[in-house]
Each structure stands twice: as structure tokens, then as C-alpha cells.
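Just so you know, the protein sequences line up as chains A and B, in that order. To convert, note that position 13 of the first sequence is 13 in the working numbering; the numbers rise steadily by one, no gaps. So the working numbering is basically just the index in the second sequence, starting at one, shifted up by 1000. Cβ atoms here follow ideal geometry from the backbone N, Cα and C, with glycine treated the same way.
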Amino acid sequence: MKKKVMIRNMGKTLGVLAVATVLALLMDFLKVGNESVIMVFLLGVLFTAVLTSSRGWAIFVAVLSVMLFNFFFTIPLYTFLVYKPSDFTLLVFYLVTAIVAGTITSRLQSEIELSERNEHTAVTLYKVSSAFLAESDEQGIISSGEKLLAENTGLKAKVFLGNPELKAEEGTVLYDIGSTSGRIGRVLVSGGRPDELQDLIIRAVCSQMGTALEREKLVTEREEIRLAMEKERQRSMLLRSIGHDLRSPLTALSGAGSLLSDNYDRLTDAERQKLAKDVSEESVWLTDLVENIMNMTRINESHLLLNKEYEVIDDVVAEAVKHTERLFQGRSIQVDLPDEVLAAEMDGKLIAQVIVNLLENAARHAPADSSIRIQVRKENQSIAVSVMDSGTGVPNEIRGRLFQKYVTQDTGIADGRKGLGLGLAICRAIVEAHGGTISYDDNVPKGSVFTFTIPMEDNA
Amino acid sequence: MSEKGCILVIEDDKYISHFIDISLTKEGYKVLIGETADEGMFLFTSYKPDLVLLDLGLPDKDGILLLREMRKVSEAPILIVSARGQEKEKINALDLGANDYITKPFHMGELMARIRVAERMQEKTAGPAENSVFRQDYLEVDYEKHRVSIDGEEVHLTPTEYRTLLLLIANRGKVLTHQFIIDKIWGVGGGDSKSVRVFMANLRRKIEKDTAHPRFILTEVGVGYRFADSE
């Protein structure tokens, strides 16, 4: 590196000297006086000082030009001797002037260069520090860091997060990415040993990257905490509402049970049978509730684990109908299935649960003599399943929030049992996890239609 | 009623084993209760029960391991009792030689039906060949003429469909996993669970009057199919 500069400066110097000499000879030929000719050499010294920014070279030119002047222009010509005292003084003054001027110029020049370089460095550092502000994820920070390094140092850089085993091979240098909690990664720079400036930039990039990564980590952590808190809040809400809903059937169960065991002899056969039947029915209801709660916790945890298999929709609908038939004592469920066998990747149990929830809703909200219909059809590349009833429909107030958690219709339930208000929220979560949609419409002339879709695999 | 066999119930929940005990005893069975896997295995080897009800969630050992051990020494029917949503475990248990399963919570009637099916399958392996005509509800299968009819009217089934129907009827009341059906009908490695599902849906369309309320081919979602048992 140094050698190259030296050779380049040497070239510049000799060039300047040659030009100056030729010019001087030309002027001499035109009979211009020695005092003027020597100015050409002075100019040469200044040029050298500017071009090389080095005091040494300027002095070197000054000395050499004295000798050249002596050789070419002072009498006796073409010797290194001086006869005339005026020539001698000229030479001495020239030398002093040239050295002083050269020194000052070269210093000025190198200061200009330094300040230019400083300015460039400052700009680069500013770029480095602002580059990471816009990045909002780890990968973005890493790639923009690598890009910055490549652009501003011309060296190849590769970022490794964590604490990998890395060795600096021939021609590569390792830098640490630090943060307040110690080293969080390393940068492997290859393509040559970085000079002072490159080193400065690399260090700056590393430290900015460390800060950015740490900030990113903090943001992620805060977001996680927020999510965890939200989850916790939902969980406690769920627990509260479960506790509330479990209490009444449990009271009924334990009441009927203790009545049976304590007063068995005093009860009539019919009473005993009625109590036993109550126990059995109540526990079925509890079972369903538990099933929904289990699904809900599955949904809350880890974004719903789907157990997808290729299922024919007939099977799933039949399963749901089988499960809910007891709710519709006397009422029939009419099922319209298309002739074509429709099948899709789905979690059969969960989709059945969706239909069960919709059917239970219908059973709860539609009058005893109304009919319930399930319609399955192919819609675009999806299976669309509609559950229709001819009940009262959904009141306007809760339509917008229908598929949210804990939304219930407060009025019109004879036995005061409200349900968790989880049914439709579960439906939505399940359907959306399958990439489908769920929607509500009014039935004609009255009642409601809940429709959900499940995308079929595109076999084309 | 007196000549009913001995049933071993391996179940750690006292309430469940209690009501199973009462109902089975009422039906005339002799009932043994094991609360742990070790106790169950001890009772199994010493009393050689005619049928086992095995809960998969035991405190001391995985029910699947117990199933394996029992299958090593005996061919007695084993019914698995498991919680909902454990389809993989059910399939696993069936593949390991369990005869059937029942999902908690269950009705006693359901359990009795499964027990009867398991008993019948057991007798049949030793008993005489079936009649030449199978009749259930509006479905009639004439084995000699290879004729399937609904309400007396012949329906056309492909040879594969016919064979599948026979397989289902032969195992009626018992759940058959998708894999079992594939292996029996298409041969090992011959089909996938996608095609067997579509195939069954089509078969059902031919022999069921109302496919949403199937009378014959019942789906056990996530596990397989069961041919309805008339008894």
C-alpha cells in the first residue's frame, strides 16, 4: 500500500519536474530572464506539494530544481558551478522560498484532504446510524448491515448471530457485535485487511447493529408480554364464565343425586326415574360444554393445532347431526347434499364441532316447531355449508359482534341458561384456521342462515 | 343369562368402574376390576377373562403397552376406553390388536352393544358360515347371486364396492380403520386414505336412502367406518 503511494508520488514528482524543465528551457530559448525562469520551478514545487500532499516531495523537487537550474541556466552552462554572485543569491533565495512554500502548501493540502475524508466518514457514519432505524426485524437488520458494509468498505461481510464457532482465516477478520448484555453475534469480513477508515466504519456498523438488534429484541419481548397478558386476561374471562356456567348444572346434578341417595325410599318410582333422567340429561349438556371449552383452550393455545385429514363432507355433517339429534326432539333436520362427493383437507372433529355449535344455536333460538336445514354445496373452489333455521334471527344489536367471544343473546331463553357465548367464536376460529370464512344472513321469510366455507384443495 | 363370561375392567377412575361394574353385573357378567396396569395384568393372567375393557390413561403405565403385553399372550377381545380427540391413539390401539374402542363419555347401551359385537365376532371365528342372504332394514345382500338390493330393487355395485360391502358386513358393529380397509380391498400399499373416503362416500350414496342419517355405513371421524349393527 505504502509502496504504491510512493511510486505514484515519485511519478507525479518527476512528471512535474520534467514539465517545469521543458517549460523553463522554452522560456530561456525565448530569452526570458533567469529570474522569471526560476518561477516556473517554484510553480513546479507548489504543484508537487498539492499533488502529493507531502512535504518531503516538495523539498525533494526544490533541491532537484536548484540543481537543474544551476545546470541549465547559470553560467557556466551545463555545469554545477556558479560564477555570478547574483545567480548564487537567486538560487539561495529560491531554495528557501521553495522549501517554505512547498511545506505550507503540502500541509494545507493534506489538511484539506483530511477534512474531506472526515466529512466523508461523518456522512458514512450518519448513514450507518440511520440505516437501522427503519428496520423492524432481525433479518432486515442483518441484511441491511451486510449491505452497508459492502457499500461503504467494498469488503464482503457476513453476519452471524448468537455465538457461533468462527475462525478468522487468511484474508478475513472477525468483529464482534456487542450489546449491553454482551456479545450477541459476529461479523466475518473477507476480501482483504480493512484499513483504518474501513475498520472505523465496520466498528460503527457493528455497534449500530448491536443496538438495533437489542432494540428489536426488546420490542419483541414487550410484544410477547403484551400477548401473554392478553391471553391471561382472556383465560381468566373464560374461567369466570365457565365457573358461572358450570354452577347451575352442577347444582342440579348434585341436588338430584343427593335426593336419590338420601331419600330413595320416600320417592315414587316415577320421581326416581325423573331425577335419574335429569341427571343423565344434565351431564350430557355438561359434556358438550366441556368439549367446547377444550376446543377453546386448543384455539387459545398455539394458534390452533389442526389435525388435518382428507375428509368427505358427508361424514362430517353426519357426525354433527348424529351428535345433536337429541336436541331436536321431534324436529327433523333436513340435509341437502350435492350429488358430487365433496372432500377437502380438514380437521374433521373440529369442523363437526362447528356444525354442532351452529345446530345447537339453532335449537336454542328457533321455536320448537320450526324446521332446521343443512345445505352443502360447492362454491367456487370451496365447500359451503349453511345451517338455516326459521327462528327469530339475530338481533341487530349483536350482529356486528356475532363472532366475537362472550357475545350472547340475553333475552328469550326460557330456562335462563345462556351458554358461554363461545360457540360462534369457536366456529370462527376453526373455520378461519382452515382458511375459510363464516358469515351470517337473514333467512327468508324469517330466521337465520349461518354459512361457512372450507377451501378445497386445488388439484388442478 | 347365566352363561355369560367374565369381563376384566382396567380403569383407574372409581366412579366409572363402579357404574360399569353394576351394569355389567346386572347383565349377568362376572366383573373383575383392576385399578392399575399392574393389577390389570395380574388379573388378566390369573383369571383369563373372556373380554377386557382397557382404559388407555392409566396412572402407572401407558395403556398401549399393556395392550401389547396382553396381545402377546392372549387373543381375548380387548375394547379400548379412551377420551375424545385421541384419534391417533385409537388407530394405534386398533392396529396393535384392540378389537374396538369406545369414547368417553359413553352410554351404557353403547358399551353393551360393543361388548356383544366383540363376543359375536369371537364366536363367529369358530362358528358356522353365515347365511347365504344378509338382510338388514331395507338392505339385502345375496351372497350367492352377488346381488345387492334396496327395498327389493337391485342396485349396481362395482366389484370393489361389493367386496367392501361384504367386508363391512362381515365385521358389522366393529370399527374398521381406513388402513385396514385399504389393506383388505386394495392390498397393502394399494390405496390412500383420500380415495378410500371418497370411495366410501360413493358407496354410501348407492345403498343409503339418506346419506346424512346413514343407516348402515357409519363414519367414525378420524378413525374409520363401522357397519351398523342391527341387534
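C-alpha distance - Met10(A) paired with Ala101(A), whole-angstrom precision:
19 angstroms
Mind checking who Arg183(A) pairs with in its DSSP beta bridge?
Gly178(A)
Environment of Asp1038(B) [buried if 16+ CB atoms lie within 10 Å]:
exposed
Would you mind working out which of Leu148(A), Trp57(A), Arg364(A) sits nearest Lys127(A), comparing C-alpha positions?
Leu148(A)
Take every Cβ of the segment 97-113 of chain A, pair it with every Cβ of the segment 60-80 of chain A, and state whether three or more of those distances are shorter than 8 angstroms.
yes
With DSSP run on the structure shown, which of helix, strand or coil describes Arg401(A)?
coil
Just checking: is the beta-carbon of Ala1228(B) within a distance shorter than 7 angstroms of some beta-carbon in chain A?
no
Would you report the Cα separation of Ala429(A) and Val321(A), rounded to the nearest angstrom?
21 angstroms
Chain B contacts made by the segment 337-356 of chain A, where a contact means CB separation under 7 angstroms:
Leu337, Val341, Ala343, Gly348, Lys349, Ala352
Put Val173(A) into one of helix, strand or coil per three-state DSSP.
strand
Tell me, please, whether the CB atom of Val385(A) is closer than 7 angstroms to any CB atom in chain B?
no
Secondary structure at Arg1120(B), three-state DSSP: helix, strand or coil?
helix
Do Thr48(A) and Thr13(A) come within 7 angstroms of each other at the CB atom, strictly closer than that value?
yes
Locate the alpha helix (DSSP H) running through Gly145(A), then write down its first and last residues.
138-153
Give the residues of chain A in contact with His1213(B), contact being defined as C-beta atoms less than 9 angstroms apart.
Ala318, Val321, Lys322, Glu325, Ile333, Val335
Taking Gly400(A) and Ser448(A) to be in contact with their CB atoms under 8 angstroms, please state how far apart those CB atoms are, rounded to whole angstroms.
Wrong, their Cβ atoms sit about 15 angstroms apart, outside the cutoff.
Which residue wins for smallest C-alpha separation from Val19(A), given the options Ser36(A), Arg226(A), Thr89(A), Leu43(A)?
Leu43(A)
Which residue or residues does DSSP assign as beta-bridge partners of Tyr1101(B)?
Ile1080(B)
Any residues in the segment 1194-1211 of chain B with a beta carbon nearer than 8 angstroms to a beta carbon of chain A? Which ones, in chain order?
Lys1194, Arg1197, Val1198, Met1200, Ala1201, Asn1202, Arg1204, Arg1205, Asp1210, Thr1211
In whole angstroms, what is the alpha-carbon distance linking Gly1127(B) and Phe450(A)?
Interpretation of Gly1127(B) is limited by its pLDDT of 49, a score under 50 that renders its predicted location unreliable; the figure taken from the coordinates is listed afterwards. About 52 angstroms.
Under 7 angstroms, do Gly1222(B) and His1178(B) count as touching if we go by C-beta distance?
no
Which residue wins for smallest C-alpha separation from Ser339(A), given the options Ala366(A), Ser370(A), Val376(A), Arg215(A)?
Correcting the residue type first, residue 339(A) is Asp in the shown sequence and not Ser. Of the listed residues, the one whose Cα sits closest to Asp339(A) is Val376(A).
Can you confirm whether Tyr516(A), when its beta carbon is compared against all beta carbons of chain B, has any partner nearer than 7 angstroms?
As displayed, chain A neither begins before 1 nor continues past 460, which places residue 516(A) out of reach and without an answer.
With which residues is Thr453(A) paired in a DSSP beta bridge?
Ala384(A)
Using a beta-carbon distance below 7 angstroms, is Asp475(A) in contact with chain B?
Limits of chain A in this structure are 1 at one end and 460 at the other, which puts residue 475(A) out of reach.
Using the beta-carbon count (16 or more within 10 Å), is Asn459(A) buried or exposed?
Because Asn459(A) sits at a pLDDT of 47, beneath the cut-off of 50, its placement in the model cannot be relied upon, and the following sentence gives the value as read from the coordinates. Result: exposed.
Counting only runs that start and end within the segment 323-373 of chain A, where is the beta strand (DSSP E) found for 3 or more residues in a row?
333-336, 343-346
Leaving out the 5 sequence neighbours to the left and right, which residues in its chain are closer than 6 angstroms to Asp410(A) when beta-carbon positions are compared?
Only weak support exists for where Asp410(A) lies, its pLDDT of 48 falling under 50; the value from the coordinates is given anyway. Hits under 6 angstroms: none found.
In terms of residues, what are the limits of the beta strand (DSSP E) holding Arg1205(B)?
Element bounds for Arg1205(B): not the beta strand (DSSP E) but the alpha helix (DSSP H), 1193-1207.
Pick helix, strand or coil for Lys12(A), following the three-state DSSP scheme.
helix
Chain-ordered neighbours of Val1221(B) on chain A, where CB pairs are closer than 8 angstroms:
Glu311, Asp315, Val316, Glu319, Gly348, Lys349, Ala352
Those residues which DSSP pairs with Gly1222(B) across a bridge
According to DSSP, Gly1222(B) bridges with nothing at all.
Asn361(A) to Gly1034(B), Cα distance in whole Å?
42 angstroms
How close, in whole Å, do the beta carbons of Val187(A) and Cys206(A) come, if the pair is a contact with beta carbons under 8 angstroms?
6 angstroms
Rank Phe1227(B), Ala1201(B), Thr1211(B) by C-alpha distance to the C-alpha of Val312(A) and give the top, closest one.
Ala1201(B)
When you compare the CB of Val451(A) with every CB in chain B, is at least one pair closer than 7 angstroms?
Residue 451(A) is actually Thr in this sequence, not Val. Not closer than 7 angstroms to any Cβ of chain B, the Cβ of Thr451(A) fails to qualify, so no.
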